[in-house]
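Visitor: Straight run, no breaks: the sequence shown in the numbering used here ends on number 195. Questions regarding the structure given below will be posed in turn.
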Amino acid sequence: MSHARRAEIFYWAAIAIGVVFIIVGGPLARRLELVHMNDFSGVWSGARAIVLGVDPWDPTKYYGFAVDVGTKTPDALVYDYMPWVAFAVAPLALVPLEVAGWIWMIASMVCAALVLRGLLRAFVPARPVMHAAFGTALFLAQPSFHAIVLGQWSLLLMSAVGATVLALRAARPLLAAVPSLLFLAKPQLVVFTAL
């Protein structure tokens, strides 16, 4: 068996171990407990307001709306994410929060696993132990499983940065522009990415 094939097997085995940890080790159960009060519920609430015809930037309506639909108590009287985030997340607001949370979690995990695989293949090809180590760390590391539990942007933002790097490395700047649009969700975190 070639080193590249072995690296692929080791990587996906490590990812599987991480997924099993998320499912049976507690993070999934905790995420289910927090679905109505985690960060994703706050992101979803503004989009849900738009879908239902409520102005998320009206301080007399949004706060009460967010509480009524069962999301986390807002930190502000208005939707506190960038306006385009509410519109971008609107498709997820067409379904109940619980379903949207599952979609968000699975999409985050799949994107992170695929992009990390691409980065490893591009920068450290055919290194089984290294691929296994990074694959294991992806979902077993505390920041990752906390991002899953809390419904945070971390895995999606990491995926966007990685996909942008891979596209630029392949000399495809227009393709790199697509994942880089996700940077707009949290511009304060990626303002120096271009440097």
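All residues carry an ideal CB built from backbone N, CA and C; glycine is no exception.
Apart from the five residues just before and just after LEU156, which ones in its own chain have a Cβ nearer than 7 Å to its Cβ?
Guide: Taking the first residue of the sequence shown as 1, we reach residue 156 at position 156. Excluding sequence neighbours, LEU156 sits near SER108, CYS111, LEU182.
Visitor: So what does DSSP say about HIS3, is it helix, strand or coil?
Guide: Indexing the sequence shown from 1 puts residue 3 at position 3. Three-state result, HIS3: helix.
Visitor: Taking the Cβ atom as the reference point for each residue, do THR71 and SER41 lie within a distance shorter than 7 Å?
Guide: For the purposes of this step, residue 71 is taken as the residue at position 71 of the sequence shown. For the purposes of this step, residue 41 is taken as the residue at position 41 of the sequence shown. The answer is yes: Cβ separation under 7 Å.
Visitor: Determine the direct distance from the alpha carbon of GLY53 to that of VAL69, and round the result to whole angstroms.
Guide: The sequence position of residue 69 within the sequence shown is 69, counting from 1. The sequence position of residue 53 within the sequence shown is 53, counting from 1. Answer to the nearest angstrom: the Cα atoms are 13 Å apart.
Visitor: Give the straight-line distance between the Cα atoms of PRO204 and VAL161, rounded to the nearest whole angstrom.
Guide: No statement about residue 204 is possible, as the shown extent of the chain runs from 1 to 195 and does not include it.
Visitor: Report the option in ILE17, VAL149, VAL124 whose CA atom is closest to the CA atom of ALA4.
Guide: Start at 1 with the first residue of the sequence shown, and residue 4 comes out as number 4. Minimum Cα distance to ALA4 is reached at VAL124.
Visitor: Just confirm the distance between the C-beta atoms of THR164 and ALA176, as a whole number of angstroms; I'd bet it's less than 8 Å.
Guide: Position 164 of the sequence shown, counted from the first residue, corresponds to residue 164. Position 176 of the sequence shown, counted from the first residue, corresponds to residue 176. Contact holds; Cβ gap of about 5 Å.
Visitor: Suppose the cutoff is 6 Å on Cβ atoms and the five residues either side in sequence are ignored; what does the same chain contact list for SER154 look like?
Guide: Numbered from 1 along the sequence shown, position 154 holds the residue referred to as residue 154. Hits under 6 Å: ALA147.
Visitor: Using a threshold of 7 Å, state whether the C-beta atoms of GLY101 and VAL35 are closer than that.
Guide: The count along the sequence shown starts at 1 and reaches residue 101 at position 101. The count along the sequence shown starts at 1 and reaches residue 35 at position 35. Going by C-beta atoms, GLY101 is nearer than 7 Å to VAL35.
Visitor: Around the C-beta of GLN152, are 16 or more other C-beta atoms found within 10 angstroms, so that it is buried, or is it exposed?
Guide: Sequence index remark: in the sequence shown, residue 152 carries index 152 (1-based). Its Cβ being crowded by 16 or more others within 10 Å, GLN152 is buried.
Visitor: Contact check, LEU198 vs TYR11 under 8 Å by CB: the rounded distance?
Guide: Outside the modelled stretch of the chain, which goes from 1 to 195, sits residue 198, for which no answer is possible.
Visitor: Measure how close the beta-carbons of LEU77 and PRO59 come, nearest whole angstrom, since I'm counting them as under 8 Å.
Guide: Here residue 77 corresponds to residue number 77 of the sequence shown, with the count starting at 1. Here residue 59 corresponds to residue number 59 of the sequence shown, with the count starting at 1. Indeed, because the Cβ distance is near 4 Å, the residues count as touching under 8 Å.
Visitor: State the DSSP-derived secondary structure class of PRO74, mapped to helix, strand or coil.
Guide: Here residue 74 is taken as the residue at index 74 of the sequence shown, counted from 1. Three-state result, PRO74: coil.
Visitor: Please report how far the alpha carbon of ARG30 lies from the alpha carbon of PRO91, in whole angstroms.
Guide: Position 30 of the sequence shown, counted from the first residue, corresponds to residue 30. Position 91 of the sequence shown, counted from the first residue, corresponds to residue 91. Cα to Cα, ARG30 sits roughly 25 Å from PRO91.
Visitor: Kindly say whether GLY162, judged by its beta-carbon, lies nearer than 7 Å to any beta-carbon of chain B.
Guide: In the structure shown, chain B does not exist; there is a single protein chain.
Visitor: Measure the Cβ-Cβ separation of ASP39 and LEU138 and say whether it is below 7 Å.
Guide: If you number the sequence shown from 1, residue 39 lands on position 39. If you number the sequence shown from 1, residue 138 lands on position 138. For ASP39 and LEU138, no; Cβs fall outside 7 Å.
Visitor: Quick one: Cα of VAL127 to Cα of GLY118, how far?
Guide: Start at 1 with the first residue of the sequence shown, and residue 127 comes out as number 127. Start at 1 with the first residue of the sequence shown, and residue 118 comes out as number 118. At residue 127 the sequence reads Arg, which differs from the Val that was named. If I take the Cα positions, the gap works out to 13 Å.
Visitor: Could you tell me the distance, in whole angstroms, from the CA atom of GLY26 to the CA atom of ALA132?
Guide: Position 26 of the sequence shown, counting from 1, holds the residue named residue 26. Position 132 of the sequence shown, counting from 1, holds the residue named residue 132. For GLY26 and ALA132, the distance between alpha carbons rounds to 22 Å.
Visitor: Is it buried or exposed for MET105, if we count other Cβ within 10 angstroms and need 16 for buried?
Guide: Looking up residue 105 in the sequence shown gives position 105. With 16 or more other Cβ atoms within 10 Å, it is buried.
Visitor: From which residue to which residue does the alpha helix (DSSP H) around PHE183 run?
Guide: Within the sequence shown, residue 183 is the residue found at index 183, counting from 1. First-last for PHE183: undefined, no H or E at that position.
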